């Protein structure tokens, strides 16, 4: 990728933006940065680095209209539809994101995983499988480190296992993974994408540049994602996985065992479903997807089975984080939409005091609220969506609702309601941005609040 002396504007100074700045500077670009935050709101150490190394810093405002750039690199949280970005595009600037930058910088082989839910668990699991198989493996993207910082150092034999969000996929042009996967598609981020058609189109970009030589792993049980194959045109070899159907080809469950069936009809046993440590039917789907991704990505089945038996899950996703007087506390801060939270409720089964609420992404909660009847004993709400969820719950006939102003109050009120054998489940069904910088920060705060109960 030739960037020497190119005039590049990196938009957004989050994790992705910082990585893009560092890598483009290394390539000899004339780098400018922009962020909607004022200079005083930017971390002091970061601001010092940017002011010392970049050709210009534009904080708290947009670039002057007469400022021309060869390329804009957008952080995932930045909508490409912003006026100054569209004007730059009309003036001839190329608009890409940090994922596209990573792809252009790297010699390694990309494995890319998307979907509304399960991305982090599946990406982490696939990364562990590749590592166990002896590959030099880089795990990043929408999880952990920005993938651009890993990609630039990767060798041709390396594997880059990348969690990719719809926001990241909006700004690709050449990105072509050797193996892609779409785990599921349920309503999320509609405040950004507008409707499910546009949301699906953004997700389908993951296979847009793939050819017959590549593999695309798809959830056969999820109609919305399966329909993308025909609607958006997938040229890769499509490998289905199913939790409920026995397939002629792909990954599925047969007699309590995860099976991969090759195109020649050979059935390969991976491991028993009862051997999985991660709970819930959604995690069985994640395991099936990970098995298919890894197998068709060149990993031996015995390695896949061994890692599946050992894998205990990821932080902030149905994570046990303490027990106080017989009350268990489960951190599912990663449950940032209603479908994810529903799956957490399903995994916990019953006797749940649910802590929910947060930033409003334009989601509807009526169907979600119906799922409270039975497994959920009490509902504790906070954040911007608290009233919205309360209204939906009351319409569904659920009335044991407590409104709180912060996490400390939520944990205390939930514990006061709980009895021995109950589960206090943080699964917000919403993003964290109204009160926290990330779902990780929210989950960490939940843990700290639980520790104070001891």
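Residue numbers (the working numbering): 18 to 471.
All C-beta atoms in this analysis are idealised placements derived from N, C-alpha and C, irrespective of residue type, glycine included.
This one's a predicted model, so the numbers in the text were calculated from it and none came from an experiment.
key: Touching by the beta-carbon criterion (3+ pairs, under 8 Å), the segment 212-232 and the segment 247-260   = yes
ask   = Considering residue 473, what are the terminal residues of the beta strand (DSSP E) in which it resides?
value = As shown, the chain starts at 18 and ends at 471. That puts residue 473 outside it, with no answer to give.
inquiry  = Applying the 10 Å Cβ sphere with the 16-neighbour rule, what's the burial state of residue 172?
reply    = One-based indexing of the chain shown puts residue 172 at position 155. That one is exposed.
inquiry  = Would the segment 313-320 count as touching the segment 342-357 if we require 3 or more Cβ pairs under 8 Å?
reply    = no
Sequence-distant residues of its chain with Cβ nearer than 8 Å to residue 262 (five each side left out) = In the chain shown, residue 262 corresponds to position 245, counting from 1. Within the same chain, residue 262 has close Cβ partners 237, 238 and 269.
ask   = Does DSSP put residue 51 in a helix, a strand or coil?
value = Start at 1 with the first residue of the chain shown, and residue 51 comes out as number 34. Three-state result, residue 51: strand.
message = Considering only their Cβ atoms, is the gap separating residue 302 from residue 334 smaller than 8 Å?
response = Taking the first residue of the chain shown as 1, we reach residue 334 at position 317. Taking the first residue of the chain shown as 1, we reach residue 302 at position 285. It is not a contact, given that the beta carbons lie outside the stated cut-off.
query = Does the separation of the CB atoms of residue 108 and residue 89 fall below 8 Å?
reply = Residue 108 sits at position 91 when you count from the first residue of the chain shown. Residue 89 sits at position 72 when you count from the first residue of the chain shown. No, these two residues do not count as a Cβ contact at 8 Å.
Which residues DSSP lists as bridging residue 257, in chain order = By one-based count along the chain shown, residue 257 stands at place 240. Answer is 235.
ask   = For residue 126, which beta-bridge partners are listed by DSSP?
value = The residue you call residue 126 lines up with position 109 of the chain shown. In the DSSP output, where bridge partners are listed per residue, residue 126 has 176.
request  = Return the residue from the list 209, 93, 306 and 241 that minimises the CA-CA distance to residue 196.
outcome  = Taking the chain shown and counting its residues from 1, the one referred to as residue 196 is at position 179. When each option's Cα is compared against that of residue 196, the closest is 306.
ask   = Per DSSP, residue 288 forms a beta bridge with which residues?
value = Within the chain shown, the letter at position 271 stands for residue 288. In DSSP, residue 288 forms a bridge with 275.
Residue 299 (DSSP reduced to helix, strand or coil) = For this step, residue 299 is matched to residue 282 along the chain shown. Here residue 299 sits in helix by DSSP.
message = Taking 8 Å as the threshold (C-beta atoms), are residue 166 and residue 36 in contact?
response = Against the chain shown, residue 36 aligns to sequence position 19. Against the chain shown, residue 166 aligns to sequence position 149. Yes, Cβ-Cβ distance for residue 36 and residue 166 is below 8 Å.
message = For the segment 115-133 against the segment 282-294, do three or more pairs of beta-carbon atoms, one drawn from each stretch, fall closer than 8 Å, so that the two count as touching?
response = no
Residue 241 versus residue 50: straight-line alpha-carbon distance, rounded = The residue you call residue 241 lines up with position 224 of the chain shown. The residue you call residue 50 lines up with position 33 of the chain shown. Near 38 Å, if we compare the C-alpha coordinates of residue 50 and residue 241.
message = Distance check for residue 274 and residue 283, CA to CA, integer angstroms please.
response = Your numbering for residue 283 matches position 266 in the chain shown. Your numbering for residue 274 matches position 257 in the chain shown. Going by the C-alpha atoms only, they are around 15 Å apart.
request  = Measure the C-alpha to C-alpha separation of residue 387 and residue 410 and round it to an integer number of angstroms.
outcome  = The sequence position of residue 387 within the chain shown is 370, counting from 1. The sequence position of residue 410 within the chain shown is 393, counting from 1. Each residue's alpha carbon lies about 7 Å from the other.
ask   = CA-CA distance, residue 59 and residue 338?
value = The sequence position of residue 59 within the chain shown is 42, counting from 1. The sequence position of residue 338 within the chain shown is 321, counting from 1. So the alpha carbons of these two residues sit roughly 32 Å apart.
key: Distance, residue 234 Cα to residue 253 Cα   = As a working mapping, residue 253 is identified with position 236 in the chain shown. As a working mapping, residue 234 is identified with position 217 in the chain shown. The straight-line gap from Cα to Cα measures roughly 9 Å.
request  = Just the C-alpha distance for residue 96 and residue 33, rounded to the nearest angstrom, thanks.
outcome  = If you number the chain shown from 1, residue 96 lands on position 79. If you number the chain shown from 1, residue 33 lands on position 16. In a straight line, the C-alpha of residue 96 is about 14 Å away from that of residue 33.
inquiry  = Check whether the segment 68-84 and the segment 175-193 are in contact - that is, three or more C-beta pairs closer than 8 Å.
reply    = The answer is no - the segment 175-193 does not touch the segment 68-84, with fewer than three Cβ pairs under 8 Å.
ask   = At a cut of 8 Å, does the segment 367-375 reach the segment 390-399 through at least three beta carbon pairs?
value = Yes: at least three Cβ pairs fall under 8 Å.
ask   = In chain order, what residues of the same chain have a beta carbon less than 7 Å from the beta carbon of residue 190, not counting five sequence neighbours either side?
value = The sequence position of residue 190 within the chain shown is 173, counting from 1. So the qualifying residues of the chain are 113 and 117.
query = Which stretch, first to last residue, makes up the beta strand (DSSP E) that contains residue 354?
reply = Taking the first residue of the chain shown as position 1, residue 354 is located at position 337. Note, residue 354: premise wrong, no beta strand (DSSP E); not H, not E.
key: Cβ-based neighbour list, residue 285, same chain, cut-off 6 Å, excluding 5 preceding and 5 following   = On the chain shown, residue 285 is found 268 positions in, with the first residue counted as 1. Result list for residue 285: 277 and 318, in chain order.
inquiry  = Buried or exposed for residue 472, going by 16 or more other Cβ atoms inside 10 Å?
reply    = Nothing about residue 472 can be read from this structure; the chain reaches only from 18 to 471.
ask   = Once you ignore the five residues that flank residue 156 on each side, which residues in its own chain have a CB closer than 6 Å to its CB?
value = Residue mapping note: residue 156 aligns to position 139 of the chain shown, counting from 1. Cβ neighbours of residue 156 beyond the five flanking positions: 144 and 178.
ask   = DSSP beta-bridge partners for residue 76?
value = In the chain shown, residue 76 corresponds to position 59, counting from 1. DSSP output for residue 76 lists 52 as bridge partner(s).
request  = Give the secondary structure of residue 335 by DSSP, where H, G and I count as helix, E and B as strand, and everything else as coil.
outcome  = The residue you call residue 335 lines up with position 318 of the chain shown. Residue 335: coil per DSSP, three-state reduction.
ask   = In the DSSP assignment, what residue or residues form a beta bridge with residue 448?
value = Walking along the chain shown from the start, residue 448 turns up at place 431. Answer is 376.
Cβ distance (whole Å) where residue 325 is taken to contact residue 308 below 8 Å = Start at 1 with the first residue of the chain shown, and residue 325 comes out as number 308. Start at 1 with the first residue of the chain shown, and residue 308 comes out as number 291. Sure, about 7 Å apart at Cβ, within 8 Å.
ask   = How would you call residue 154, buried or exposed, if buried means at least 16 neighbouring beta carbons within 10 angstroms?
value = Position 137 of the chain shown holds residue 154. It is buried - the Cβ of residue 154 has at least 16 other Cβ atoms within 10 Å.
query = residue 197 lies in the beta strand (DSSP E); which residues open and close that run?
reply = Taking the first residue of the chain shown as 1, we reach residue 197 at position 180. Counting along the chain, the beta strand (DSSP E) containing residue 197 begins and ends at 196-199.
query = How should residue 380 be labelled, buried or exposed, when 16 other C-beta atoms within 10 angstroms of its C-beta is the threshold for buried?
reply = Your numbering for residue 380 matches position 363 in the chain shown. It is buried - the Cβ of residue 380 has at least 16 other Cβ atoms within 10 Å.
key: Per-residue DSSP class, three states only, for residue 399   = Sequence index remark: in the chain shown, residue 399 carries index 382 (1-based). Here residue 399 sits in coil by DSSP.
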